[in-house]
Each structure stands twice: as C-alpha cells, then as structure tokens.
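Note sheet for the following structure.
Listed below in structure tokens is the structure:
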C-alpha cells in the first residue's frame, strides 16, 4: 500500500469506513485493558516469591556491622544493602543512602528540601528565589514533571536525540541562566524513548559550566539493569567524570529494586558524593527518619544471593518481556509500516515503546483507544505541564498485559492510529 | 536518713566522699550501657519473629480490594491495614492513610508540606508567614522539637499537669496569636512523663477557639496500646469531639507499629478527617509516592491475626517491660526516697520514666553517668532547643537493657543523682 498521504479523497473515505468498521467491532466487545503505566506483569512478580520467606531468624543476627536490623537505627541502611547498590553503580558504599520502597519519594523529598533549605551551603533555598527552572528532556517521565509542578518549578523542554538530550542546547542554557537549578535525566533506556545517553553526553553533563553554583543533575537510573537484548547498552559512570572536579556534588542519582522484585515492596537508594550524603544525613534524613526498613534491605540482599545475583534475575525478566516488545514492533510493522503515519522505537531495555503518530493526532488516538477499551498513558503526559506541543507522542507500556491481551490491545491501537490519521487527512 | 537539705556541711562532706568512692568504683569497671533511646529490647523483638515468614504466596492473591500487593498502586494502603488502624483508633478506614516504617517521617513530611503549601485552601504556606509558632508541652519528645527547629518554627513550652498540658494557658495563647499554627501532643502515656491527657483536656483541645484558621494538633499517638498495668489509661477519642464541628480538620494523628513488632520494619499511619485525607492524597501523597510497602502491611495484618490480636501481643510486651519499670522505681525509692533531691514518675504505660533532680543538676548527672559508663538521654533534650530552663529533667529509658544491666545502670544513676545533689548543696 502507498502511504496514506498519496491516497485521494475517495480512497481515504473508503479506507475510513473500513477502519471505522473494525473500530466499531472492537467497541462492541466490551474490552477493558490498561496499558497506562509501566508495571511488571504478575509473571514477573512471581519470579520473586522467594522474597517472602528468604529470611531466617538467624539472618537477623548476622548483619555486617552488628546492628539488629529489626530495631531502630542505621540511618543510611545496613552495610550489605549499601554494598549492593554501590556494586551496581560503581560507587563507594559511603556514597549510598538506602531509602524505603520508592525512589520517587527520594526524588520528591530532595526537591522539597531544596525548596525549603537549598542544596548547598551559602546558596539560598530555592523557594526564596524569584524563579527556579529545570531542564526536562522530552518526551520523558510524567512523575518528574508532577514534582516540578507541585513546587512551582518552571520546566524547559529539551529535545532528545539518539545520543540523549540535546547537549549543545543544554550547555548554552545552563551557562547563561542561573535560575536553572536542575535537570531530570533518565540516562539509561530512557522513559519512554529507550535511549541511553552517549558517553559524550554524560561527560559533557558532568563537566559543563553552569551559572548556578547549586545546579543538580537528578539522575533517575531507573532502568540500569533492565535489558531486553544480549548486547545491553552501557551507561558511562558519571561519578567518575565529576570525581575530583568542582562539580563533585552535582549528581543526585536515584535507583530502586522496584522493577527487579516487587514494585510495591522494594528498596531504593539515593547516591551522590560523600559530601552530599554526609550533609543530607546530618541536616535532613536524621530529622525525617530513624532509617528505612532494614529487614527488607536484608531480605533483598539474601534474595539476590539466592537467585544467583541481580543479572541472573534480570535475565528471567527479559525472557518474559522480550516477546511483548517483539509483539509491539510486529504489530506496528504489520499495520503501520510504510504508511507515513507513525514511527516507533525499538528499545534495547526499559519499560516502554515511544510512538509518534501524525502531528495533532495523539490525543485523538488515546481517546479512540479508550473508547474501544484500551487505556493508554494520557497523551501529553510525557511532556511538561501535560502538553505535547505537536500532540504526537504516545507512551506504549507493554509489560503488564498478558501476551493475548497485548495482541488484542495492539490490534486496537493500530486501528486507532490509522483511524485518527485518516480523519486528519480527510479534514484537510 | 534526713533529707540532704538538713545535713550540715561536715555531714555533707562525709556523704560526698562515700558517694565519690562508689562512683570511682563504678568508673573503674569499664561499664558501657546505653539508655539514651526508647528502644524495645531483643526479647521484645523476639515476640515478632513470625513476621518473617507469616506470609504465604497465596496471601498475596487475597487482598480485599483485589489489588496485587506486590505491584504498584494502592496509594493509601491495602483495606486490611487501613482497617487495622481504623479499629485501633475508633475511626473510619477512609480517615486512614497507611505509610512506611516511620510515623516520624509522616510527621516531618506534614510539617514540610505545611511550610511549602499550607494546610488548608485559602491559607498561606507557613513559609510565607513572618513567623510560625508551635505549642510544645514540656518535657516531651526531642524529635518533635528537631522538626520545628529544622523549619525555623518557634517553640513555646507549655507546662504539663497531671491532666495533660496546661489547657487554660493553651486556650488563651491560641485565641490571641494567629502565628500559632500547631501543637505537638503525645496524648497517651506521654513521652517522657507517662501522663495521659484527661477527657477534659482532650475535649477543650478539640473545641477551643484558635485565631489561626489553619491551626493543627499534631497528635502523636505513639503509645496507644503500650500499657504497663491491667488497668490501662483510656484516652478520649478526639475525632468524636471534632466531628461535625468547624474544627473537623484540626487533628493530624500519627501512629505506627514500631513498638509492637519491629521498630525498624513496621507500618505507620496518618489519620485525620476524610477531607484532609482526600486532599493530602490528591495534592501531595500522589506526587511523593505510588504507595507504601503493601506486602509489609499484609504481613502485619496476618501476623496480628496469628498472635491473637494486638492486645494479646502487647500483653507479652508488658510482661517483659513491667519488671524493668518496677526496678527503676525500686532503685529510686531505695536510694533516693525521702532525701528531697529527686522525684520520678510511675507510668502506667509508654516507654519512659521522667526523673526530676535538683534544679541545675540534670546536665551534671548525665555527665557523671556517662563518665561511669551509662549513656542517658542528653539533659535538655526533652525541651525545645535542648534547653531545660531548670536543668532538672532526665528521661530514663529502661526498656532496652537486660534486667541485670538495668540493675547496674540504676545503681550508677542513683549515685550520680545524689552526688550531683551533694556537690550542689556543698557549693552553696
């Protein structure tokens, strides 16, 4: 078939009726599928059932620093859990603060603290400034944007390239504007594009000159070990680039086990320079908490040992996820390839496929899919303020549904993408 | 023996040398005991070892609302956990938000939010006000004071009576000063006095007129079920007093299982009016978290069922704790009664004995005890800014040490109390 753009009006009208018929057929089936969020599937959660019973009473008496993990204390976590994250990210244990079940909470709390207390001695709390701005690569993670919105932080969208966010533009902006205090980054298998920042982008982010002395990279390393191929992307260790430089305190890394074990019951980490960790413990964490759940930390450490290490566990996740991502690509290719109405990513890791439809059609596609029983991520959610200026990006989250549900959902999505495109072309 | 106050100088000097001999003897023994914090003892923690393995894989599939507790979602907690707290405090489940392992975090976060966003529509964020003040009954819990200090909230000490904080003074202050936005309360078995607020005090706190429309009671119900006798205190349910009044949103209650199961690995709750909970979920919690650890919530629910309910478990705690509190009273009575140099509380619940020594002697007693190997809570910690104006209050935390350690520690403390008193009397 030619691209839809070369069809004449009659051809488009006939095509519209054919698609509308398919669409109505789906609508009549009372389908209800939710693909809005990047949630692991029950089959993935089943991989971690040994978490429930992996700890023996004896384990509780054998924590490295002699602390009783059941009791109060141990503000920054048990040594074993700090070591787990340190090893995963190539940092020292002294750079790790282990948090509760949510790295989102650590991110939110970091911004909240910056608002009320600032991030560095001698710098004002951000709430005392007339304006605070964050750079936001787009498309990206809606919950980052919601944190900024809550605290009134202005978001500046930065276009993504295949190498990561447009580093030339970033360097220029941060050099000139001291209101720019932060930047959200999902540096590996980015949400939703799947892009991993190149070595050069990482290096330049680490070394660039910023007018604001208290500029921070919010480095959300959510998908560090979440590969979908046997040739995983490698993300440059940004801590090696800032170490020993005047930017040593620039990086706030966040991570969690949410998509390794149980998303609702994992452990998280805040990773930064030793100076930042020491200051945060002294000035903030010690007032907010007596320490996160150390039993759950120990539970995770022992569980990862039991399954032969995190990479072994993540391979099992990948085995479940690969066919799903393959199905997304297969369905899009079968239905949409060559029609000039959509492009999509083929990620090597992470939880999403980023779909771009014709300009002005994303909201319509999501609305149509909803009507046919498939809930997608809200159109625009991947942009600051929920506004996609071209109204074209849709985040596809194929992990949660079963294969048969996904196949059905993809059929529906493909019809909706094409239907919205034809509607647009007919309206011109 | 007469009170020390009636001894002549020679007698006091002789007494001093006798006490100093005992003190030096302790110092020579290289004792190291920590009684600084209200921590459960290992024997108490052992009561909850079934927590580790109480959950079966099947349990994870049987949550009341059909949610998978392993996965994301369920912002305010699983129904079973909300019901647990609702039953404990005589409120509706819709008034409960279940948090992570620390009620301190919920308290801190509530104050932090009030600073950045305020607590009620139409009221300014507290950080935009020239001054924010909190009423602080004294002596009380140092971590409450640290939260105020962190956010620059001025603390106004309020004297405690046998009925709770001086309600006449409170009513007058809040009626006249709209900078008073909050009050810290440990309404049952207060930290450290053990006092439970009387019905009248609770009712008047609920109903008093406050100049600030956004005044809040921070109701830290930490020791609700932590009885030490068979005739427990009963705390009036303050939610019944505010229900249906214009003060319906006044109460922020906080609670946790920290001193029921594992202090480091429990679950917590924020309990308030339905309107407050709904607003907090929508405006704040949903940006900060996807929900606390639901597996740990389910674990606690099942564990409490297994041990026959919370009261049954708390009775076992009381059996361990009663002899320790009895020992504190026995030792003080044996060594200090009738000497006119100390008074102490005999709490019916909670975790502390409040000791008042001669004015100006608390710091000295704590320093002497430290020298002899017993770490006590810092003198002054029970007051705002760490300053006890009479320098007389010491918080005794007898729960953690073993009985033999406690006996030894009490001998040392008693000698230090008397030694400091004699030093003072000799110096006059």
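Protein chains in written order, with UniProt numbering: chain D, 1 to 428; chain Z, 1 to 428.
We treat Cβ as the ideally placed atom computed from N, Cα and C, and that holds for glycine.
{"Item": "Residue 35 of chain Z at chain D interface by Cβ criterion, 9 angstroms", "Value": "no"}
{"Item": "Chain Z within 9 angstroms of residue 384 of chain D, Cβ atoms only", "Value": "no"}
{"Item": "Distance, residue 149 of chain Z Cα to residue 411 of chain Z Cα", "Value": "35 angstroms"}
{"Item": "C-alpha gap between residue 5 of chain Z and residue 314 of chain Z, whole angstroms", "Value": "43 angstroms"}
{"Item": "Sequence ranges, beta strand (DSSP E) only - wholly within the segment 317-391 of chain Z, length at least 3", "Value": "342-344, 353-357 and 374-376"}
{"Item": "Coil, strand or helix - residue 33 of chain Z by DSSP", "Value": "strand"}
{"Item": "Cutoff 9 angstroms: residue 1 of chain Z Cβ touching any chain D Cβ", "Value": "Because residue 1 of chain Z carries a pLDDT of 48, less than 50, the predicted location of this residue cannot be relied on, and the following value inherits that uncertainty. No, residue 1 of chain Z lies away from the interface with chain D (no Cβ there is under 9 angstroms from its Cβ)."}
{"Item": "Reference residue 111 of chain D, options Z:254, Z:255, Z:173 and Z:287, closest by Cα", "Value": "Z:287"}
{"Item": "Per-residue burial, residue 38 of chain Z [other beta carbons within 10 Å of its own, 16 or more giving buried]", "Value": "buried"}
{"Item": "7 angstroms Cβ shell around residue 127 of chain Z - same chain, five flanking residues per side excluded", "Value": "115 and 116"}
{"Item": "Nonlocal neighbours in the same chain, by C-beta distance under 8 angstroms from residue 36 of chain D, ignoring five residues either side", "Value": "375, 376, 377, 378 and 397"}
{"Item": "At least three beta-carbon pairs within less than 8 angstroms, the segment 178-187 of chain D to the segment 206-226 of chain D", "Value": "yes"}
{"Item": "Buried/exposed call for residue 400 of chain D, threshold 16 Cβ in 10 Å", "Value": "buried"}
{"Item": "Residue 1 of chain Z classed as buried or exposed, judged by whether at least 16 other C-beta atoms fall within 10 angstroms", "Value": "Caution applies to residue 1 of chain Z, whose pLDDT of 48 falls short of 50 and renders its modelled position unreliable; the value that the coordinates give is listed next. Exposed."}
{"Item": "Span of the alpha helix (DSSP H) around residue 79 of chain Z", "Value": "79-89"}
{"Item": "Closer than 9 angstroms to chain D by CB, residue 8 of chain Z", "Value": "no"}
{"Item": "Under 7 angstroms by beta carbon: chain D residues contacting residue 108 of chain Z", "Value": "287 and 288"}
{"Item": "Host alpha helix (DSSP H) of residue 400 of chain Z (start-end)", "Value": "Per DSSP, residue 400 of chain Z belongs to no alpha helix (DSSP H) and is neither H nor E."}
{"Item": "Start-to-end residues for the alpha helix (DSSP H) that takes in residue 242 of chain D", "Value": "238-242"}
{"Item": "Span of the beta strand (DSSP E), counted from its first residue to its last, around residue 189 of chain Z", "Value": "Careful: residue 189 of chain Z lies outside any beta strand (DSSP E) and carries neither H nor E."}
{"Item": "Distance between residue 156 of chain D and residue 132 of chain D (C-alpha atoms, nearest Å)", "Value": "11 angstroms"}
{"Item": "Beta-carbon proximity of residue 113 of chain D to residue 255 of chain D, cut-off 9 angstroms", "Value": "no"}
{"Item": "Host alpha helix (DSSP H) of residue 220 of chain D (start-end)", "Value": "Here residue 220 of chain D belongs to no alpha helix (DSSP H); instead the beta strand (DSSP E) covers 216-220."}
{"Item": "Within 9 angstroms, strictly: CB atoms of residue 83 of chain Z and residue 264 of chain D", "Value": "no"}
{"Item": "Whether residue 137 of chain Z touches residue 164 of chain Z by CB criterion (9 angstroms)", "Value": "yes"}
{"Item": "Test item: CB-CB of residue 96 of chain Z and residue 277 of chain Z under 9 angstroms", "Value": "yes"}
{"Item": "9 angstroms Cβ cutoff, residue 190 of chain D in contact with chain Z", "Value": "no"}
{"Item": "Candidates Z:340, Z:348 and Z:302: closest to residue 318 of chain Z by CA position", "Value": "Z:348"}
{"Item": "Where residue 15 of chain D sits in the DSSP three-state scheme", "Value": "helix"}
{"Item": "Residues near residue 175 of chain D in its chain [Cβ-Cβ closer than 8 angstroms; skip 5 each side]", "Value": "208, 209, 210 and 211"}
{"Item": "Contact between the segment 46-55 of chain Z and the segment 224-232 of chain Z (3+ Cβ pairs under 8 angstroms)", "Value": "no"}
{"Item": "Cα-Cα separation between residue 86 of chain Z and residue 185 of chain Z, rounded to whole angstroms", "Value": "20 angstroms"}
{"Item": "Rounded distance between the beta-carbons of residue 418 of chain D and residue 19 of chain D, thought under 8 angstroms", "Value": "6 angstroms"}
{"Item": "For residue 426 of chain Z, three-class secondary structure by DSSP", "Value": "helix"}
{"Item": "Within-9 angstroms CB hit, residue 276 of chain Z to chain D", "Value": "no"}
{"Item": "3-residue-minimum beta strand (DSSP E) runs that sit fully inside the segment 85-130 of chain D, ordered along the chain", "Value": "96-99"}
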